[in-house]
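These notes are about the structure you will find just below.
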Amino acid sequence: MSLHGAYDPDNIFAKILRGEIPSVKVWEDDHVLAFMDVFPQSEGHVLIIAKQSQARNLLEVEPEALQRLTAALQRTAKAVEKALKPEGLAIMQFNGDAGGQTVFHLHFHIVPRWRDRDLKGHGHAPMADAATLQALADRIAAELD
Ligand code: AMP
330 MSLHGAYDPD NIFAKILRGE IPSVKVWEDD HVLAFMDVFP QSEGHVLIIA KQSQARNLLE
390 VEPEALQRLT AALQRTAKAV EKALKPEGLA IMQFNGDAGG QTVFHLHFHI VPRWRDRDLK
450 GHGHAPMADA ATLQALADRI AAELD
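In the numbering used here, the protein residues as written are 330 to 474.
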């Protein structure tokens, strides 16, 4: 999938937004959804997506939607830091398949990092079980300002 093209309304995040497939939510409002990555690259890997925008990548997103996303990104990253006490936080965002993107609905990754824990490969991490993800989501949500 190149950087340019049509939005696919059947991409997996669109299905999550429509409630057609399950997700483990951290929080949401009318504009954004924060939910657990089901193939986490580290413990507490969270994804942030816009609900209204059909931007596939950073190049396409409307400025207002981007502002809401980045505000949600910071709010969620602060809660992740309080809840899980990582030593670092990797904020990642990929554009186009050549750029490492696999789901073509714009999203930001929050990946907590610890010096003594290896980062699992992007797109190669094992699937986490829903109960483990729910427990992490609950801990993160409890720290939201
Ligand atoms: P990217 O490769 O940047 O497009 O990231 C897509 C992310 O979506 C990857 O980190 C996947 O692990 C994650 N992912 C794929 N399917 C699901 C799903 N059903 N629920 C939650 N995360 C998912």
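Using N, Cα and C, we set each Cβ at its ideal position, and we do this for glycine too.
Residue i: CB within 7 Å of a non-hydrogen atom of the ligand AMP
i	result
G452	yes
V440	no
I350	yes
V367	yes
V409	no
V432	yes
G425	no
G429	yes
G333	Residue 333 is actually His in this sequence, not Gly. Flag unset: Cβ of H333 not near the ligand AMP.
H436	yes
L418	no
L376	yes
Separation of residue j from residue i, as counted between CA atoms
i	j	result
G425	F364	22 Å
K411	N340	32 Å
A471	A427	37 Å
L362	K414	22 Å
L346	E391	19 Å
D458	P338	27 Å
V367	E389	25 Å
L402	G348	22 Å
Check whether residue i and residue j have beta carbons under 8 Å apart
i	j	result
I469	V353	no
H438	M421	yes
A394	A384	yes
I350	H436	no
L473	R397	no
P441	L418	yes
K380	H360	yes
G429	H453	no
Integer-rounded CB distance, given that residue j should sit under 8 Å from residue i
i	j	result
F342	V432	6 Å
L332	N386	6 Å
A466	V355	5 Å
Are the region 442-452 and the region 367-382 touching, with three or more C-beta to C-beta distances below 8 Å? Judged by Cβ distances under 8 Å, the region 442-452 makes contact with the region 367-382, as three or more pairs qualify.
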